[in-house]
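Residue numbers (the working numbering): 57 to 121. Glycine is no exception: its CB is placed at the ideal position from the N, C-alpha and C atoms. Everything below concerns the one structure shown next.
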């Protein structure tokens with residue numbers, strides 16, 4: 057279950073009016089990431105970004121690695 061936004065969170069959302077609201081699917085994936093990172097908020101280092109991209113890379117690409 058996804059908690060409702062607090063006043064601070066809803067205020068942040070209105071400050072960025074150019075951003076689209078999250079879909080239910082996007083909310084699900086954010087929750088998956090939170091679970092996988094044990095609710096930590098790691099900085100997106102180059103190494104972490106590369107590892108994440110490899111997860112979603114098609115199987116026929118990167119075979120030479």
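DSSP state of residue i mapped onto helix, strand, coil
| i | result |
| --- | --- |
| residue 75 | coil |
| residue 92 | helix |
| residue 112 | coil |
| residue 67 | The predicted model places residue 67 with a pLDDT of 49, which falls under 50 and marks its position as unreliable, so this point remains unresolved. |
Presumed contact (8 angstroms Cβ cut-off) between residue i and residue j, rounded CB distance
| i | j | result |
| --- | --- | --- |
| residue 98 | residue 91 | Contact doesn't hold; Cβ gap of about 14 angstroms is too wide. |
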